[in-house]
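Here is the structure we will look at.
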Amino acid sequence: MSKHVAVLMGGWSSERQVSLWSGAACAKALEGEGFRVTPIDVGRDLADVLAKTRPDVCFNALHGRFGEDGTVQGLLEIMGIPYTHSGVLASSLAMHKERAKTVMAAAGVAVPRGKVVTRAEAAAAHVLTPPYVLKPVDGGSSVGVLIVNEDHAHPPQELTRGDWAHGDLLLAENFVAGKELTCAVLNGEALDVIEIVPGEGWYDFDAKYAKGGSQHVLPAKISSFVYQEVRKLAVAAHHALGCRGVSRADFRFDDREGGTGELVCLEVNTQPGMTETSLVPELAAYAGMGFGELVRWLVEDASLDR
């Protein structure tokens, strides 16, 4: 008898739509692999729904708060339902960008210089010398991220809007020019490295999820030394944070003529997107692992006490 897999998707974070896309793709692929699949659009009654559904495994396709920050992982631990991806501590730690940076730096992974500021502080005056980046301290999918260029005489006034929905604590970081690189770690081992080239501007939400929003160069056109360094650092970050299953580490590399040559890890994503334009399925396919095989592996890897 095939395993009964509940695919958790949706939720109520700012990344709800991305999660629905990921969940639908994973549910379809799991059905194709012969699993009995129940998609669940997660609400605050999740414990009751799971008690009635009684799955053997939960495939976590949630993104953002609640689904990616250790909260739903804790619920699944209490209910005794094995689940995919990282556990409570790693999920919570990786989601908080500033604390994750502290842990990664202690493990020898270079990270951008920066500090945590309040939204009021960031709106009142420049908190770093431009260019710099402001991002929610515990968000994802580039939601709420602002880039402050040298020509910005004043801090971003979006921060003063009454409908700002990304929290009152922000991480301010020095902007690192150059290439955007990413590397996935599967079962503790690095896959390859992609260079992400946005269609225009920077790698924002639309560049990540809209068709044609960005070009993925695989393998990345960087020196073999930097290529292997990215892979090594991705694994180091994965292990330092205690990640399980699959994670994806994002980097900036200043390869400009006359640039610094700086390579820094921006963050580790414990719930990487699994849409048709997502990076982890592309990296897995390049390594010879199809999408169905990838989601099957994640289900077979599912456990408690992660």
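Counting in full-length UniProt numbering, the sequence shown runs without a single skipped number right up to 306 at its last residue.
For glycine and all other residues, C-beta sits at the position ideal for the given N, C-alpha and C.
In terms of CA proximity to GLN17, ASP41 leads the group ASP41, LEU191, MET289, LYS28. In the three-state DSSP reduction, ILE147 falls in the strand class (E or B). For the pair THR84 and CYS243, the Cα-to-Cα distance works out to about 11 Å.
With the rule of 3 Cβ pairs closer than 8 Å, the segment 51 to 59 does not count as touching the segment 231 to 247.
For LYS3, no alpha helix (DSSP H) encloses it, and the DSSP letter there is neither H nor E. Under the DSSP definition of a beta bridge, HIS216 partners with ILE196.
Separation of the CB atoms of VAL295 and ALA29 is rounded to 5 Å, and the pair is thereby assigned contact status at 8 Å. Under the 10 Å beta carbon count, PRO219 is surrounded by fewer than 16 other beta carbons and is classified as exposed. One alpha carbon belongs to GLY144, the other to THR277, and they sit about 21 Å apart.
Counting along the chain, no alpha helix (DSSP H) covers ARG306, and no H or E run does either. Of the residues assessed, ASN149 falls on the exposed side of the cut-off, its CB having fewer than 16 other CB atoms within 10 angstroms. Distance between GLN271 and PRO198, taken at the CA atoms: about 22 Å. Taking one beta carbon from each stretch, the segment 120 to 127 and the segment 154 to 173 have 3 or more pairs nearer than 8 Å; the two touch. Looking only at GLY108, ARG161, ALA177, the smallest Cα-Cα distance to PRO130 is reached by ALA177. The C-alpha of PRO112 lies about 26 Å from the C-alpha of GLY87. The DSSP-derived three-state label of PRO130 is coil. Annotation: GLY259 to LEU171 spans about 24 Å, alpha carbon to alpha carbon. For THR102, the enclosing alpha helix (DSSP H) has its first and last residue at 97 to 106. In terms of Cβ geometry, ALA110 and SER14 do not form a close pair [threshold 8 Å]. One Cα belongs to ILE78, the other to LEU146, and the distance between them is close to 38 Å. Excluding sequence positions up to five before and after ASP255, its CB lies within less than 6 Å of the CB of GLY178, LYS179, all in the same chain and listed in chain order.
The C-beta distance from LEU241 to PHE251 rounds to 15 Å, too long to meet the 8 Å contact threshold. Only residues of its own chain outside the window of five on either side were considered, and among them ARG36, PRO55, ASP56 have a CB closer than 6 Å to the CB of HIS4, listed in chain order. One Cα belongs to GLU195, the other to GLN215, and the distance between them is close to 8 Å. The straight-line gap separating the alpha-carbon atoms of ASP45 and PHE66 is approximately 13 Å.
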